[in-house]
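From first to last, the protein sequence lines stand for chains A and B. Quick note on this note's numbering: the first sequence kicks off at 953 and runs consecutively. Quick note on this note's numbering: the second sequence kicks off at 15 and runs consecutively. Backbone N, C-alpha and C define an ideal beta-carbon position, used for all residues, glycine too. Owing to the predicted nature of the structure, the values given are computational and were not obtained by experimental measurement. Down below is the structure, laid out as structure tokens.
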Amino acid sequence: TQLLEQSPQFLSIQEGENLTVYCNSSSVFSSLQWYRQEPGEGPVLLVTVVTGGEVKKLKRLTFQFGDARKDSSLHITAAQPGDTGLYLCAGGETSGSRLTFGEGTQLTVNP
Amino acid sequence: KAGVTQTPRYLIKTRGQQVTLSCSPISGHRSVSWYQQTPGQGLQFLFEYFSETQRNKGNFPGRFSGRQFSNSRSEMNVSTLELGDSALYLCASRVAGGFNEQFFGPGTRLTVL
Chain A
953 TQLLEQSPQF LSIQEGENLT VYCNSSSVFS SLQWYRQEPG EGPVLLVTVV TGGEVKKLKR
1013 LTFQFGDARK DSSLHITAAQ PGDTGLYLCA GGETSGSRLT FGEGTQLTVN P
Chain B
15 KAGVTQTPRY LIKTRGQQVT LSCSPISGHR SVSWYQQTPG QGLQFLFEYF SETQRNKGNF
75 PGRFSGRQFS NSRSEMNVST LELGDSALYL CASRVAGGFN EQFFGPGTRL TVL
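Structure below.
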């Protein structure tokens, strides 16, 4: 069974601070996705990384896929209250739609 | 383009009853997957349907079933409800191929009393 471990589970920071969320696995995934979920809503796709060592930037968010395609990180620069939410990493299989999700990181950015 | 829609948004049932949830994917998306989200277990894959055929199934009991229609709309059914079935049920659709980028609906919040 493929598992994804996310850390930290909870993170409460002040506006303007930087943070990093980690997603680790002992398994190799064909793709790694990051989602953000707000209360009462479904997850919203932020980014997909597919190549080992790949780095993608989305405004203040930087996503990295490990060289061995087993781990990933999400770095947020100068966090804002609007960044508050549940951040989920998900590993994709080579075939089919099954995504294996991490437990999530609940981020709270205080004004 | 309209997003994934799910109905109903909220549902309250009692133990032993059955429930049917509905999902309409993004236009042109032929793959529909269902996930269960609970505070203790997180998001867990239930099953995937593509072109009216179940293509993949997660580790859930047979009380959980689904189907897909020719217009790609999908339904999932849970029979003989248990208290532990209380969860947010999410539907996701994607185009065939690609890197498994899935687009989720808002979910159906099921409460079993």
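When the cut-off is 8 Å and only beta carbons count, does R87/B lie next to chain A?
Within the second sequence, the letter at position 73 stands for residue 87/B. So, not an interface residue.
So which residues on chain B does V1002/A lean against when the C-beta distance must stay under 8 Å?
In the first sequence, counting from the first residue as 1, residue 1002/A sits at position 50. Here the neighbours are F113.
Of all the options G17/B, G98/B, S41/B and T34/B, which has the alpha carbon lying nearest to the alpha carbon of S79/B?
The sequence position of residue 79/B within the second sequence is 65, counting from 1. Checked all of G17/B, G98/B, S41/B and T34/B; the closest Cα to S79/B is T34/B.
Under 8 Å between the Cβ atoms of T52/B and R77/B?
Here residue 52/B is taken as the residue at index 38 of the second sequence, counted from 1. Here residue 77/B is taken as the residue at index 63 of the second sequence, counted from 1. Cβ distance not < 8 Å, so T52/B and R77/B don't count as in contact.
Does chain A have any CB closer than 8 Å to the CB of E62/B?
Stepping through the second sequence from its first residue, residue 62/B is reached at position 48. Yes, contact with chain A.
How would you list, in chain order, the residues of chain B whose beta-carbon sits under 8 Å from the beta-carbon of R988/A?
Your numbering for residue 988/A matches position 36 in the first sequence. Result: empty, since nearest Cβ-Cβ is about 11 Å, beyond 8 Å.
Note down, in chain order, all residues in the stretch 75-106 of chain B with a beta-carbon under 7 Å from any beta-carbon belonging to chain A.
Listed in sequence order: L104.
Are the CB atoms of N114/B and G1044/A nearer to each other than 8 Å?
As a first step, residue 114/B must be located in the second sequence, where it is residue number 100. As a first step, residue 1044/A must be located in the first sequence, where it is residue number 92. Taking 8 Å as the Cβ cut-off, N114/B and G1044/A qualify as a contacting pair.
Could you check which residue in H1027/A, N970/A, T1003/A and C1041/A has the C-alpha nearest to that of L1010/A?
Start at 1 with the first residue of the first sequence, and residue 1010/A comes out as number 58. Minimum Cα distance to L1010/A is reached at H1027/A.
By the 7 Å beta-carbon criterion, what residues does the stretch 32-56 of chain B contribute toward chain A?
Listed by position, the residues of the stretch 32-56 of chain B near chain A (Cβ gap below 7 Å) are S45, S47 and G56.
Report the rounded CA-to-CA distance for V999/A versus T28/B, giving the unit in angstroms.
Your numbering for residue 999/A matches position 47 in the first sequence. Your numbering for residue 28/B matches position 14 in the second sequence. Going from the Cα of V999/A to the Cα of T28/B covers about 39 Å.
Look at the alpha carbon of T1060/A and the alpha carbon of L1038/A, and state the distance between them as a whole number of angstroms.
Along the first sequence, read from residue 1 onward, the residue named residue 1060/A stands at position 108. Along the first sequence, read from residue 1 onward, the residue named residue 1038/A stands at position 86. Cα-Cα distance, rounded: 9 Å.
Assuming S979/A and K1022/A are in contact, meaning their beta carbons sit under 8 Å apart, how far apart are those beta carbons, in whole angstroms?
Start at 1 with the first residue of the first sequence, and residue 979/A comes out as number 27. Start at 1 with the first residue of the first sequence, and residue 1022/A comes out as number 70. Indeed they touch by this definition, with Cβ atoms about 7 Å apart.
Would a check of beta-carbon distances place E993/A closer than 8 Å to chain B?
On the first sequence, position 41 is the one that residue 993/A refers to. For E993/A, the answer is yes, since a Cβ of chain B falls inside 8 Å of its Cβ.
Are the beta-carbon atoms of L97/B and R123/B separated by less than 8 Å?
Your numbering for residue 97/B matches position 83 in the second sequence. Your numbering for residue 123/B matches position 109 in the second sequence. No, the pair does not count as a contact, with Cβ atoms beyond the cut-off.
Please list, in chain order, all residues of the same chain as F981/A whose beta carbon is under 8 Å from its beta carbon, the five residues on each side excluded.
Locating residue 981/A in the first sequence gives position 29, where the first residue counts as 1. Cβ within range, chain order: Q954, R1021, K1022, G1043, G1044, E1045 and T1052.
Can you name the residues of chain A whose CB is closer than 8 Å to the CB of G30/B?
Taking the first residue of the second sequence as position 1, residue 30/B is located at position 16. Those do not exist, as G30/B stays about 27 Å from chain A at its closest Cβ, beyond 8 Å.
Can you give the Cα-Cα distance for G1004/A and F1017/A, rounded to whole angstroms?
The sequence position of residue 1004/A within the first sequence is 52, counting from 1. The sequence position of residue 1017/A within the first sequence is 65, counting from 1. Cα to Cα, G1004/A sits roughly 6 Å from F1017/A.
Cα separation between A1031/A and F1015/A?
Translated into positions along the first sequence, residue 1031/A becomes position 79. Translated into positions along the first sequence, residue 1015/A becomes position 63. A1031/A and F1015/A: Cα-Cα distance of roughly 15 Å.
Pull up the CB-CB distance for V973/A and S1025/A, whole angstroms please, since I reckon it's below 8 Å.
As a first step, residue 973/A must be located in the first sequence, where it is residue number 21. As a first step, residue 1025/A must be located in the first sequence, where it is residue number 73. That belief holds up - the Cβ atoms of V973/A and S1025/A are roughly 7 Å apart, short of 8 Å.
In this structure, what does DSSP give as the bridge partners for D1019/A?
By one-based count along the first sequence, residue 1019/A stands at place 67. Looking at the DSSP assignment, D1019/A forms no beta bridge with any residue, so it has no partner.
Are the C-beta of P120/B and some C-beta of chain A separated by less than 8 Å?
Mapped onto the second sequence, residue 120/B falls at position 106. By this cut-off, P120/B is an interface position.
Out of R1012/A, T1029/A, G994/A and W986/A, point me to the one whose CA is closest to V1002/A's CA.
For the purposes of this step, residue 1002/A is identified with residue 50 of the first sequence, where counting begins at 1. The shortest Cα separation from V1002/A among R1012/A, T1029/A, G994/A and W986/A belongs to W986/A.
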